[in-house]
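Asks: Pasting a structure below so you can have a look.
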Amino acid sequence: MQSYDVRIWAITARKNKDGKVTSYRLRWRVSHEEFEETFKKRAQADGLRAELVSAQNRGEPFDTLTGRPVSFGRATRDLRWFELACNYVDMRWPEAAANTRQTIAEALIRVSPVFFNGGRGKPADAEIRSMLRGWAFNSDQRAKGMPEEHRDAIEWCTRNSLPISVVLDEAKQLELQQAALVSRSGKKYAATVARRNRAVLSHLLSYAVDEKALETNPLRDTKWESMPKGSRSLDPRTVPNPVQARTLLRAVSQVQRSGPRLEAFFAVMYFAALRPEEAAALTKDDLNLPKRGWGEIYVSQAHPYVGKHWTGTGQAREKRGVKARAVGEGRPVPCPPELTDLLLKHNKAYGDGDSGFLFEGDQGGGIPKITYTRVWRAARAVAFTEKVAQSRLAERPYSLRHAAVSTWLTAGVDPTTVARWAGHSVTVLLETYASCLHGQDVIARQRVESFFGYRPE
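Heads up: the sequence shown begins at 427 in our numbering, then just goes up one per residue.
Structure follows, in structure tokens:
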């Protein structure tokens with residue numbers, strides 16, 4: 427309905443117990459319906475009030491449902507969260523990489539509870555999350571029809587999903603902020619996860635505007651004060667030094683039964699700074715190895731592990747180009763003599779596999795992530811004392827790549843060259859890897875002692 431009976435009140439400042447202004451509230455009435463908007467900045471409130479007053483002075487009718495002038499182009503579709511979120515996933519799905527698809531789904535799962543009203547017959551939270559992950563927020567799975575095991579959760583979410591317009595309510599926005607920044611257990615998400623959650627939510631709300639389900643995206647001009655500040659820098663305690671890294675590689679070769687065939691797999695991460703997904707995608711054609719000495723590895727593709735439900739191919743790994751490179755462009759990486767020997771030894775022991783990959787699993791085909799993860803855990807238990815094994819030192823295979831880049835920097839290789847070998851920018855290099863080599867601080871102190879002429883007691 428429309429009405430010309432409009433009254434717009436003055437903006438009021440809301441203060442905390444210390445008298446500090448925390449927000450500004452604008453209230454107005456259309457017919458018998460009252461509306462209000464709260465803003466962090468006075469200018470935002472002044473802007474909306476000016477628009478409302480101008481429309482009133484022009485004699486425009488106001489919408490009794492939204493409280494806005496009809497000329498604002500009000501939302502024409504009263505979409506509910508569950509339907510809108512599924513539509514949003516379908517919109518993003520065709521062009522999104524598998525990892526992005528999974529990231530979108532996980533972010534939507536985290537904020538979805540805010541948009542359900544808790545009606546009768548609610549399934550267990552774990553059952554709802556399972557349905558959202560395995561069906562609702564996965565376009566390929568949803569296209570197959572409704573699975574019987576998820577029927578109750580799907581029907582409940584459909585019945586009890588709130589209209590997306592509730593996001594305009596200040597209290598709901600605070601709930602969303604909490605859901606995006608804090609896990610169910612009460613632990614704050616890492617800065618990277620929190621930023622992804624907000625980015626996905628904000629993009630969905632912009633999509634809702636495009637679909638005429640919202641007039642405006644309330645997150646667009648809103649700053650979350652409690653958003654964690656992230657840092658690219660690594661924890662030096664996680665990065666093994668050369669002795670520790672070589673000890674781990676020897677330990678890998680002792681882990682039965684997959685360890686011996688994975689020694690060179692982990693070695694290319696340490697000696698050539700390959701990412702795990704790049705090492706998994708190597709073929710013999712990517713190697714240029716002499717009988718001894720320096721060779722070269724050409725990184726031409728990456729096969730990140732995502733899970734078969736997200737790739738759209740039925741395979742657990744997605745075939746991708748090299749990170750930070752144009753389509754079809756790879757990067758050459760020097761292969762030091764020690765790695766050359768390990769790769770030649772690997773080729774002699776395992777020959778040509780059916781898959782075409784340099785590194786294969788025990789049953790052929792690419793290396794399953796679960797296999798090399800188990801081997802890595804076992805190798806740490808062999809290589810380290812119990813106390814060290816419980817620490818974060820080399821806690822995951824990616825630590826070998828960090829060690830490689832840190833070692834190059836420590837050895838005095840020009841940062842531009844290191845960045846080119848590692849496959850990222852100089853800025854990322856210096857922010858992330860500098861001063862990360864385990865034990866490097868001790869070396870630095872010894873150099874300072876030598877400079878000042880200190881003598882050990």
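Think of the CB as a built atom: it goes at the ideal place given N, C-alpha and C, for glycine as much as any other residue.
Give the list of continuous alpha helix (DSSP H) stretches no shorter than 4 residues that lie fully inside the segment 693 to 742.
Replies: The qualifying runs are 702 to 706, 734 to 737.
Asks: Is P668 near T526, with beta carbons less than 8 Å apart?
Replies: It is not a contact, given that the beta carbons lie outside the stated cut-off.
Asks: Going by beta carbon distance, what residues of the same chain come within less than 7 Å of E462, once the five residues before and after it are set aside?
Replies: Hits under 7 Å: R451, L452, R453.
Asks: State the DSSP-derived secondary structure class of S591, mapped to helix, strand or coil.
Replies: Helix at S591.
Asks: Would DSSP call Q554 helix, strand or coil?
Replies: Reading off the sequence, residue 554 comes out as Ile, not Gln. In the structure shown, I554 sits in a helix (DSSP, three-state: H, G or I).
Asks: Which residue from Q604, G756, L770 puts its Cα closest to that of P762?
Replies: Considering only alpha carbons, the answer is L770.
Asks: To the nearest angstrom, how far is the alpha carbon of A639 from that of A511?
Replies: Distance between the alpha carbons of A639 and A511: 12 Å.
Asks: Just checking my contact of Y514 with L602 at CB under 8 Å: how many whole Å lie between their CB atoms?
Replies: Actually they are not in contact, since the Cβ atoms of Y514 and L602 sit about 15 Å apart, beyond 8 Å.
Asks: Which same chain residues, not among the five before or five after A830, have their C-beta less than 6 Å away from its C-beta?
Replies: Cβ neighbours of A830 beyond the five flanking positions: Y696, A699.
Asks: Is it buried or exposed, W435, if we count other Cβ atoms within 10 angstroms and call 16 or more buried?
Replies: W435 should be labelled exposed.
Asks: Taking the continuous alpha helix (DSSP H) assigned at K774, which residues delimit it?
Replies: First-last of the alpha helix (DSSP H) with K774: 763 to 776.
Asks: Which whole-angstrom value is the C-beta distance of G792 and A706, which I expect to be below 8 Å?
Replies: Sure, about 6 Å apart at Cβ, within 8 Å.
Asks: Which of the three DSSP states, helix, strand or coil, is assigned to W454?
Replies: W454: strand per DSSP, three-state reduction.
Asks: Give a yes or no on whether 8 Å exceeds the smallest Cβ distance from L660 to chain B.
Replies: Going by chain labels, chain B is absent from the structure shown, which holds only one protein chain.
Asks: Just how far apart, CA to CA, sit K734 and K717?
Replies: Each residue's Cα considered, the two are about 39 Å apart.
Asks: As a quick exercise: from R559, L856, D636, pick the residue whose alpha carbon is nearest that of V537.
Replies: That would be R559, whose Cα lies nearest to the Cα of V537.
Asks: Quick one: using the 10 Å Cβ neighbour count with 16 as the cut-off for buried, is H828 buried or exposed?
Replies: Buried, since its Cβ has 16 or more Cβ neighbours within 10 Å.
Asks: Go to I434, then tell me how far its beta strand (DSSP E) extends in each direction, as first and last residue.
Replies: Its beta strand (DSSP E) spans residues 432 to 434.
Asks: Locate the alpha helix (DSSP H) running through E462, then write down its first and last residues.
Replies: Run containing E462: none in the alpha helix (DSSP H); it sits in the beta strand (DSSP E), 459 to 465.
Asks: May I ask you to report which of helix, strand or coil DSSP gives D661?
Replies: D661 falls in the coil class under three-state DSSP.
Asks: Starting from the C-beta of S659, find all residues in its chain whose C-beta is less than 7 Å away, skip the five residues before and the five after it, and write them out in chain order.
Replies: Counting only Cβ-Cβ distances below 7 Å, and skipping sequence neighbours, we find E857, T858.
Asks: I need the DSSP call for Q470, collapsed to helix, strand or coil.
Replies: It is helical.
Asks: Going by other Cβ atoms of all chains shown within 10 Å of its Cβ, with 16 needed for buried, is M572 buried or exposed?
Replies: M572 comes out exposed.
Asks: Work out the CA separation of R468 and L835 for me, nearest whole Å.
Replies: So the alpha carbons of these two residues sit roughly 50 Å apart.
Asks: Per DSSP, which residues does A804 bridge with? Please list them.
Replies: Paired residue(s): none; A804 is not in a bridge.
Asks: Could you check whether D489 and V496 sit closer than 8 Å to each other, using their CB atoms as the reference points?
Replies: Yes, the pair counts as a contact, with Cβ atoms nearer than the cut-off.
Asks: What are the boundary residues of the alpha helix (DSSP H) that T584 is part of?
Replies: Start and end: 577 to 585.
Asks: Should E744 be labelled buried (16 or more other beta-carbon atoms within 10 Å of its own) or exposed?
Replies: Buried is the call here.
Asks: Could you tell me if L600 is buried or exposed, where buried requires 16 or more neighbouring beta carbons within 10 angstroms of its beta carbon?
Replies: Flag for L600 reads exposed.
Asks: Given a cut-off of 8 Å on the beta-carbon distance, is the pair T797 and S876 in contact?
Replies: In this structure, S876 does not lie closer than 8 Å to T797 by Cβ.
Asks: Just grab the DSSP bridge partners of V759 for me.
Replies: For V759, which the question treats as bridged, DSSP gives the partners I723.
Asks: In the DSSP assignment, find the unbroken alpha helix (DSSP H) run with K598 in it and report its ends.
Replies: K598 -> alpha helix (DSSP H) spans 596 to 607.
Asks: Mapping DSSP to helix, strand and coil, what is A439?
Replies: Note: A439 maps to strand in three-state DSSP.
Asks: Between V753 and the rest of its own chain, which residues show a CB-CB distance below 8 Å, the 5 nearest in sequence each way excluded?
Replies: So the list reads G747, once near-sequence residues are dropped.
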